[in-house]
Amino acid sequence: MSDGHEHNGHEHVPSRQRRRFPGISSRTYEHPADRSALVALRKLSGFDTVFKALSGLLPERSLRLLFLSDSVRVSDQQFAHLNVMLRDACYILDLEKVPPMYVNQDPQPNAMCIGLDEPIIVVTTGLVELLDEEEMRAVVGHEVGHALSGHSVYRTILLFLTSLAVRVAWIPLGNLAIMAIVTGLREWFRKSELSADRAGLLVGQDLQASMRGLMKIAGGNHLHEMNVDAFLAQAEEYEAGGDLRDSVLKILNVLPRSHPFTTVRAAELKKWAESRDYQRIMDGHYPRRDEDKDTSVRDSWRESANHYSTHVKSSKDPLMKLVTDLAGGAGDLGDRVRRGFGGFTGPSAKPSQGPEAGPSAPSGDDRPPSDGN
Numbered sequence: 023m024s025d026g027h028e029h030n031g032h033e034h035v036p037s038r039q040r041r042r043f044p045g046i047s048s049r050t051y052e053h054p055a056d057r058s059a060l061v062a063l064r065k066l067s068g069f070d071t072v073f074k075a076l077s078g079l080l081p082e083r084s085l086r087l088l089f090l091s092d093s094v095r096v097s098d099q100q101f102a103h104l105n106v107m108l109r110d111a112c113y114i115l116d117l118e119k120v121p122p123m124y125v126n127q128d129p130q131p132n133a134m135c136i137g138l139d140e141p142i143i144v145v146t147t148g149l150v151e152l153l154d155e156e157e158m159r160a161v162v163g164h165e166v167g168h169a170l171s172g173h174s175v176y177r178t179i180l181l182f183l184t185s186l187a188v189r190v191a192w193i194p195l196g197n198l199a200i201m202a203i204v205t206g207l208r209e210w211f212r213k214s215e216l217s218a219d220r221a222g223l224l225v226g227q228d229l230q231a232s233m234r235g236l237m238k239i240a241g242g243n244h245l246h247e248m249n250v251d252a253f254l255a256q257a258e259e260y261e262a263g264g265d266l267r268d269s270v271l272k273i274l275n276v277l278p279r280s281h282p283f284t285t286v287r288a289a290e291l292k293k294w295a296e297s298r299d300y301q302r303i304m305d306g307h308y309p310r311r312d313e314d315k316d317t318s319v320r321d322s323w324r325e326s327a328n329h330y331s332t333h334v335k336s337s338k339d340p341l342m343k344l345v346t347d348l349a350g351g352a353g354d355l356g357d358r359v360r361r362g363f364g365g366f367t368g369p370s371a372k373p374s375q376g377p378e379a380g381p382s383a384p385s386g387d388d389r390p391p392s393d394g395n
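So for the sequence shown, the working numbering puts the first residue at 23; every next one is plus one.
See below:
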């Protein structure tokens with residue numbers, strides 16, 4: 023794009039030719055699970071009122087003052103290259119008000135978008151030092167995507183509740199109740215990260231840069247030692263490898279995390295970038311913000327259900343295969359359950375024969391189904 027324009031009082035021209043998406047709705051890039059949850063919440067009567075009432079209890083003003091006093095605010099005078107990226111991202115996604123952005127001293131690579139009334143974006147020095155310009159552009163677009171989707175509200179609540187859970191950890195029932203909410207919010211937030219990754223790609227419009235950024239977050243600044251195809255192969259191995267025990271361990275490993283695993287994010291983003299949906303967006307065919315009020319909760323849930331149905335059927339994860347077998351009434355399901363975990367490692371698995379399968383081996387009744395779920 024070569025046309026300059028006024029954006030919050032500053033002339034802004036993207037640093038290279040990129041497609042802009044006037045009036046784009048966040049529904050364009052939101053993951054089905056993320057989108058259905060947000061649409062349902064936005065339709066609830068009194069939802070905004072309840073969250074505004076909560077703002078008096080949440081330390082949002084304290085957070086703003088903390089970043090203002092102890093971080094560096096991005097501007098034309100400070101971290102000017104990040105300021106250009108931020109305005110680029112807001113221009114491309116047509117976000118009228120550019121949110122404040124801060125750089126915080128922290129060697130851990132991280133970024134977040136928080137705030138109840140107005141979003142603010144925070145990136146750490148570890149992230150700034152780790153990524154090159156195009157990789158960082160995707161991250162800034164990622165955070166602007168969070169702002170456009172309204173994710174900052176829920177992220178702020180998640181931070182508050184996580185902190186509160188630590189304070190009341192000595193109260194068993196109180197801690198359990200809060201952690202139940204936190205666990206639910208984390209599950210939603212992991213889905214929202216997949217949405218924001220897509221927003222980052224729409225802003226950067228460079229899939230390789232997005233892939234490189236995720237690889238660096240996983241393995242540090244050693245690109246000469248890493249390979250995108252090999253990195254994506256890890257995601258394939260992670261999904262398909264092992265048996266039901268590994269499926270359970272995957273769930274346990276991800277529960278305390280606010281973000282999906284980086285290999286999974288990379289694979290999901292590449293899959294979306296190669297889809298017809300992405301190409302239609304780049305061709306200018308996407309939902310507009312002024313149509314959001316007409317969004318149907320039922321249609322959104324149906325789309326989400328269809329997505330998960332397709333995901334389960336196509337998944338190579340042993341647990342997902344079991345779900346598919348249960349739904350389809352597979353004829354050999356009983357034999358596979360009796361064989362235990364080994365029966366779900368792949369279609370080629372066969373019952374043991376010979377002395378090992380004699381009376382001394384545990385029977386299927388000795389292995390409760392709950393061990394494999």
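Glycine included, every Cβ here is placed at the ideal spot set by N, Cα and C.
Small disclaimer: the values here were computed from a predicted structure and weren't measured.
Are the Cβ atoms of A288 and L254 separated by less than 9 Å?
Yes; because the gap between Cβ atoms is below 9 Å, this pair is in contact.
Could you give the distance in angstroms between the alpha-carbon of V150 and the alpha-carbon of I46?
C-alpha separation (whole angstroms): 28 Å.
Report the start-end ranges of each alpha helix (DSSP H) in the segment 118 to 193 that is 4 residues or longer and not cut off at the edges.
With a minimum length of 4 residues, the continuous alpha helix (DSSP H) runs that stay inside the segment 118 to 193 are 147 to 152, 155 to 171, 173 to 189.
Please classify D110 as buried or exposed, where buried requires at least 16 neighbouring CB atoms within 10 angstroms.
Result: buried.
From this set, M248, K238, E258, S97, which residue's C-alpha is nearest N15's C-alpha?
There is simply no residue 15 to check, as the chain begins at 23 and stops at 395 in what is shown.
When the distance is taken between beta carbons, is I136 closer than 9 Å to V166?
Contact flag unset, no.
Hey, how far is the Cα of Q39 from the Cα of V106?
Those two C-alpha atoms are separated by around 14 Å.
Since I believe G235 is in contact with L153 (beta carbons under 8 Å), could you give me their beta-carbon distance rounded to a whole number of angstroms?
Yes, they are in contact, since the Cβ atoms of L153 and G235 sit about 6 Å apart, within 8 Å.
Is it buried or exposed, Q227, if we count other Cβ atoms within 10 angstroms and call 16 or more buried?
Q227 should be labelled buried.
Is V96 helix, strand or coil when you go by DSSP?
V96 falls in the coil class under three-state DSSP.
Name the two residues that bound the continuous alpha helix (DSSP H) containing D299.
Run containing D299: 298 to 304, per the alpha helix (DSSP H) assignment.
When DSSP labels each residue in this structure, what does R480 get in the three-state scheme?
This structure does not reach residue 480, given that the chain is present from 23 up to 395, and the question cannot be answered.
To the nearest angstrom, how far is the alpha carbon of R49 from that of G242?
The straight-line gap from Cα to Cα measures roughly 32 Å.
Once you ignore the five residues that flank Q100 on each side, which residues in its own chain have a CB closer than 6 Å to its CB?
Once the five neighbours on either side are set aside, the close Cβ partners of Q100 are V94.
Determine the direct distance from the alpha carbon of G172 to that of S217, and round the result to whole angstroms.
Taking the straight line from one Cα to the other gives about 12 Å.
Among Q230, Y260, A262, whose alpha-carbon lies nearest the alpha-carbon of M248?
The shortest Cα separation from M248 among Q230, Y260, A262 belongs to Q230.
Thinking just about the alpha-carbon of each residue, which of A55, F89, R41, L117 is nearest to the one in F211?
Comparing Cα positions, the closest option is A55.
My guess is that L108 and V175 are in contact by the Cβ rule of under 8 Å, so how many angstroms apart are they, rounded?
At roughly 20 Å, the Cβ-Cβ gap does not stay under 8 Å, so L108 and V175 are not in contact.
Mind checking H53: buried by the 16 CB within 10 Å criterion, or exposed?
Answer is buried; the Cβ neighbour count reaches 16.
Pick out whichever of E313, E261, R83 has its Cα sitting closest to the Cα of T178.
Looking at the Cα atoms, R83 is the closest of the given residues.
Note down the Cα distance separating D219 from H164, rounded to an integer number of angstroms.
Near 5 Å, if we compare the C-alpha coordinates of H164 and D219.
Which term fits S91, buried or exposed, when burial requires 16 or more other beta carbons within 10 angstroms of its beta carbon?
Classification of S91: exposed, given that the 10 Å Cβ count is below 16.
Suppose you measure from the CA of L87 to the CA of E215; what does that come to, to the nearest Å?
Cα to Cα, L87 sits roughly 26 Å from E215.
R247 lies in the alpha helix (DSSP H); which residues open and close that run?
Arg is not the amino acid found at residue 247; the sequence shown has Glu there. Where E247 is concerned, there is no enclosing alpha helix (DSSP H), given that its DSSP letter is neither H nor E.
May I ask which residues mark the beginning and end of the alpha helix (DSSP H) holding R310?
Where R310 is concerned, there is no enclosing alpha helix (DSSP H), given that its DSSP letter is neither H nor E.
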